[in-house]
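Each residue of the sequence shown is one higher than the last, beginning at 1 in my numbering.
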Amino acid sequence: MPPAKSSFLDKVLGRIGRLDTEGLQSVVQRLVRERSFLETLFNAIEDGILVVDENGRILYFNQAVTRLLGLQATVEGQPITDILPELEWKNILRLDTGAANAW
1 MPPAKSSFLD KVLGRIGRLD TEGLQSVVQR LVRERSFLET LFNAIEDGIL VVDENGRILY
61 FNQAVTRLLG LQATVEGQPI TDILPELEWK NILRLDTGAA NAW
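Written out as structure tokens, the structure is:
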């Protein structure tokens, strides 16, 4: 399998110490544009998208999840087990072959 292509962020992080103020501002502006594009795309999807980190903390959710589960922006960073305790999260995590540690 060919090696994964390095993303824009990976490339920038490798040389961030050499960027001047203008270069750093340019990078930040591009990242904001990319995030804005992804949020627009995710919010256009009618299915719910809920992203949690390896510790089970909510990182992101789209508008469909807000409608489906009634989540508010203040839940970002909170454990998913606080929001949906009835689900068996340890079993769900085992299905994620890329997950580091079970929580």
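All residues carry an ideal CB built from backbone N, CA and C; glycine is no exception.
Beta-bridge pairing of residue i - partner residues as DSSP gives them
i, result
"residue 58", "52"
"residue 79", "57"
Same chain, Cβ closer than 6 angstroms to residue i, five either side skipped, listed in chain order
i, result
"residue 86", "none"
"residue 12", "27"
"residue 42", "49, 62"
Close beta carbons around residue i, own chain, < 8 angstroms, minus the five adjacent residues each side
i, result
"residue 65", "48, 49, 50, 71"
"residue 83", "58, 69, 71, 75"
"residue 102", "In this prediction, residue 102 scores a pLDDT of 48, lower than 50, which makes its location untrustworthy; no coordinate-derived value is stated."
"residue 30", "8"
CB of residue i within 8 angstroms of CB of residue j, strictly
i, j, result
"residue 59", "residue 46", "no"
"residue 56", "residue 81", "yes"
Coil, strand or helix - residue i by DSSP
i, result
"residue 92", "helix"
7 angstroms Cβ shell around residue i - same chain, five flanking residues per side excluded
i, result
"residue 14", "none"
"residue 79", "56, 57"
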